[in-house]
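Asker: Residue numbers for the sequence shown follow our numbering, beginning at -4 and rising by one. Just so you know, even glycine gets a beta-carbon here, dropped at the ideal spot from N, CA and C. What you are looking at is a predicted structure, and each value in this text was computed from that prediction instead of being measured.
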Amino acid sequence: MTIEALAREASAHWGGTPVALIRNRENAVFRMALPAGRFAALRLHRVGYQSDAAIRSELWFCTALADHGLPVPRPLAAQNGQPLVALSNGRAASAVEWLAGHPLGEAGVPLPGSVQDQAARHHALGRLLADIHSITETLSLPADFTRPAWDVDGLTGEAPFWGRFWDHPALTANESTRLHDARLFLRAALQSHDARLIPVHADVLRENILVDGAALSLIDFDDSGMGFPLYDLGTVMSQNLYEPARDELRAALIEGYQTRRPTDPRMVDVFTLARTLASVGWTMPRLAPDDPIMRSHIRRALLCADMVMR
């Protein structure tokens, strides 16, 4: 069955019609037209990445944040009243409301706009992430809440959630040693970091931040899990390492966050390293050996390690 045919099967559970394929990575995401002129994001979940229980927990988390007025996509129940439906090929499908706006930017492409505009958006993003983290800390998680762990072991253990980045087959012997050293450095830093683990977005990339005028919203909670709040800021900065205004963006992001919550700027750098290392592991089962993103992610991780560990 083609992905388009599967989307038609799934959309019927919401009385909708798939309009266009938006993304096909961990999930296949379609823009779906609903009755009365509304739209939704239809998600066809990749088999084996998240369990049904984990997806239901993600949807609960997004609903809780939306109930508190935060700009995140609210999950939509299917016609049977359930947020998650099973499809004929074994995949699961869910739908969330369609939020207005365009992505903040694109991976590997310089950010658009002036430095002043970029900094203003990062300041606003810092405030938004702080609000999300503060509300999340007040939530009482259901007894069956289950999500991946972005904790010390999930980032630096013997079997990190996204893979043993220091064993990447594209690494030279020297690079493997350097990433192994970075892993030990990061592990020690995380073990001494006094922060409560809470559900975090864990994938605050430019593509997942929507800009609508002066307003920002955050989408795609598919990688959310129990982790350190500052990992979200580190993920933002992992895409800014090559930006000419990197220092200005870092300062704006942290200053925006600090208007709501205290934080240690040095730990934002540590979590930037955490994300760049994890991303090296992410490429291993997903990309072809000759995909240039393999080497670019390795170079970025080595650069970040040199910057943070010096």
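(1) Looking only at its chain, what residues have a beta carbon closer than 6 angstroms to the beta carbon of leucine 123, apart from the 5 residues adjacent to it on each side?
(2) Between the beta-carbon of arginine 270 and the beta-carbon of serine 129, is there less than 8 angstroms?
(3) Near aspartate 264, what residues of its chain come up, given a Cβ to Cβ distance below 7 angstroms and the 5 sequence neighbours on each side ignored?
(4) Drop a sphere of 10 angstroms on the beta-carbon of histidine 196, count the other beta-carbons inside from all chains shown, and report buried for 16 or more, exposed for fewer.
(5) With three or more beta-carbon pairs closer than 8 angstroms as the criterion, would you say the segment 201 to 217 touches the segment 94 to 104?
(6) Counting C-beta neighbours from all protein chains within 10 Å, is the total for glycine 103 16 or more, i.e. buried, or is it exposed?
(7) Can you tell me which of Arg281, Val199 and Met221 puts its alpha carbon nearest to the alpha carbon of histidine 117?
(8) Taking the beta strand (DSSP E) that glycine 220 belongs to, which residues open and close that run?
(9) Could you tell me which of Ala88, Val147, Arg305 and Gln45 sits nearest to alanine 273, measuring between CA atoms?
(10) State the Cα-Cα distance for the pair proline 224 and alanine 190, rounded to the nearest angstrom.
(11) For leucine 134, which residues from the same chain have a beta carbon less than 7 angstroms from its beta carbon, with the 5 sequence-adjacent residues on both sides left out?
(12) Beta carbon of leucine 1, beta carbon of leucine 82: below 8 angstroms?
(13) By Cβ distance, which residues of its chain are closer than 8 angstroms to glutamate 250, with the 5 residues on each side in sequence left out?
(14) What whole-angstrom Cβ distance do arginine 86 and valine 42 have, given they're in contact under 8 angstroms?
(15) Using the beta-carbon count (16 or more within 10 Å), is asparagine 169 buried or exposed?
(16) In the DSSP assignment, what residue or residues form a beta bridge with tryptophan 145?
Answerer: Taking the definition as stated:
(1) If we look at leucine 123 and ignore the five residues flanking it on each side, its Cβ neighbours are Leu211.
(2) In this structure, arginine 270 keeps its C-beta atom at 8 angstroms or more from the C-beta atom of serine 129.
(3) Val303
(4) With 16 or more Cβ atoms within 10 Å of its Cβ, histidine 196 is classed as buried.
(5) yes
(6) exposed
(7) Val199
(8) 220 to 222
(9) Val147
(10) For proline 224 and alanine 190, the distance between alpha carbons rounds to 8 angstroms.
(11) Ala59
(12) yes
(13) His118 and Gly121
(14) 6 angstroms
(15) exposed
(16) Gly222
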